[in-house]
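Input: a single structure, listed below in structure tokens.
Laid out in structure tokens, this is it:
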């Protein structure tokens, strides 16, 4: 890439910093400005562009969900990892920025340029200043706009227009200046429908997961466990009978009331607890990182703990050479293996998907090859709130929690009725498949946008779809 570019005076606007005129930015701008069907500024596609509250709210233990930039993802809005505010504060925030189905959310602080249309049937929520609210006119398919903003051409524009380096901030007046190519309504619908279908698949996946949770929590009598936790939450000490003491773990953390009560109630509710070591067909294997951490553009996938998402693996993989992979052969993983995090965010279990035939793992993960338990039930129960507590109980470390292989083997896994385990496993398997299909559709929609701008879009796909 050239380190110097010449810019015509007519191309210079109120931004005079050199980085604004990088060749990559100018190339993208030219492709959109010269798009054969024309373009529009984002401000001309919206009736209003604003952002969330600039005041840090008074958070509550429960109430109305409060969304920040971290919750806006390409494949949906995360309503799980949220904080809560009171209804009164929500109503006050909504006077200026009321979020409604069909609006576009767009991240503007920190994580820049992630767009998501608000679907129907979502809970009431408010947004923070890190999220922009775009009230769309409806003259262009909203989900086509979403796909464009999330494509490389949308992201590169966002990168160009944003201000600030340590904490990037996308000002509302600059968001308004994003240029959006406007194809025919038929193409807009074709691409937008992929995004819409992805949303539908994700909602179906959520339903399946919720049904699996209901079966499991009913089997273990979660109500009794929740009630016991509430009753004991203010007690700061614990008594342990000598015959209940594990001589290998006499530390206070292992014997905290929430752990001892959980185990006792599971047993009282006739739930069998089996250590992971009794569910393996091979010994637990831990991974390691190649010396120097030399990653390459293409090669053998290298899975790190940060790649683990709910039950599966995300797309942000790095790669190592075959020579490096061969050196790590002992910790090689293959499609269908279960990997389990043992450092940092411990206790996350994921299944290696079918499209990864072979890979390696880093030192924050272990490989589990299971026997006598369905792997889909296993990852479900280990990732559940109950499973996480049973993993945390075995963890050690003051600054960062860790587990060694022996401790992983000692983690207890709740077993329920065989038939119920199979039902849960089938639901979670389909859940994973639907999420994968949803992500694929999102990627296809983005690729269609990019092909369209680059003149490589296959119009016959639209005709066939019609």
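Residue numbers (the working numbering): 2 to 467.
Glycine is no exception: its CB is placed at the ideal position from the N, C-alpha and C atoms.
{"Query": "Start-end ranges of the alpha helix (DSSP H) lying completely within the stretch 42–99, minimum 4 residues", "Result": "88–98"}
{"Query": "Beta-carbon proximity check, residue 276 vs residue 357, cutoff 8 Å", "Result": "no"}
{"Query": "Residue 368 versus residue 341: straight-line alpha-carbon distance, rounded", "Result": "7 Å"}
{"Query": "Contact set for residue 163: own chain, Cβ-Cβ below 6 Å, skip 5 residues either direction", "Result": "113, 169 and 171"}
{"Query": "CB contact flag (residue 209, residue 432, <8 Å)", "Result": "yes"}
{"Query": "For residue 452, three-class secondary structure by DSSP", "Result": "helix"}
{"Query": "Residue 180: first and last residue of the uninterrupted beta strand (DSSP E) it sits in", "Result": "180–182"}
{"Query": "Exposure label - residue 348; buried when at least 16 CB within 10 Å", "Result": "buried"}
{"Query": "4 or more residues per run - each alpha helix (DSSP H) lying fully within the stretch 305–382", "Result": "323–328"}
{"Query": "Candidates 352, 87 and 154, of which the one nearest residue 25 by Cα", "Result": "154"}
{"Query": "Rounded C-alpha distance that separates residue 299 from residue 227", "Result": "48 Å"}
{"Query": "Candidates 126, 69 and 82: closest to residue 102 by CA position", "Result": "126"}
{"Query": "Extent of the continuous beta strand (DSSP E) to which residue 108 belongs", "Result": "105–108"}
{"Query": "Identified DSSP bridge partners for residue 273", "Result": "416"}
{"Query": "Spatial distance of residue 85 from residue 389 (CA atoms)", "Result": "22 Å"}
{"Query": "Buried or exposed by the 16-neighbour rule on C-beta atoms within 10 Å, applied to residue 138", "Result": "exposed"}
{"Query": "Same chain, Cβ closer than 7 Å to residue 76, neighbours up to 5 away in sequence not counted", "Result": "199, 203, 439, 440 and 443"}
{"Query": "From 165, 41, 29 and 108, residue whose alpha carbon lies closest to that of residue 181", "Result": "41"}
{"Query": "N- and C-terminal bounds of the alpha helix (DSSP H) containing residue 159", "Result": "153–162"}
{"Query": "Simplified DSSP assignment, three categories, for residue 302", "Result": "strand"}
{"Query": "Contact the stretch 179–193 vs the stretch 50–64: 3+ CB pairs below 8 Å", "Result": "no"}
{"Query": "Reference residue 219; option with closest CA among 387, 296 and 437", "Result": "387"}
{"Query": "N-terminal and C-terminal residue of the alpha helix (DSSP H) that residue 386 is part of", "Result": "386–393"}
{"Query": "C-alpha distance - residue 255 paired with residue 400, whole-angstrom precision", "Result": "16 Å"}
{"Query": "Length of the line joining the Cα atoms of residue 360 and residue 160", "Result": "33 Å"}
{"Query": "Distance between beta carbons of residue 217 and residue 385, contact taken as under 8 Å", "Result": "7 Å"}
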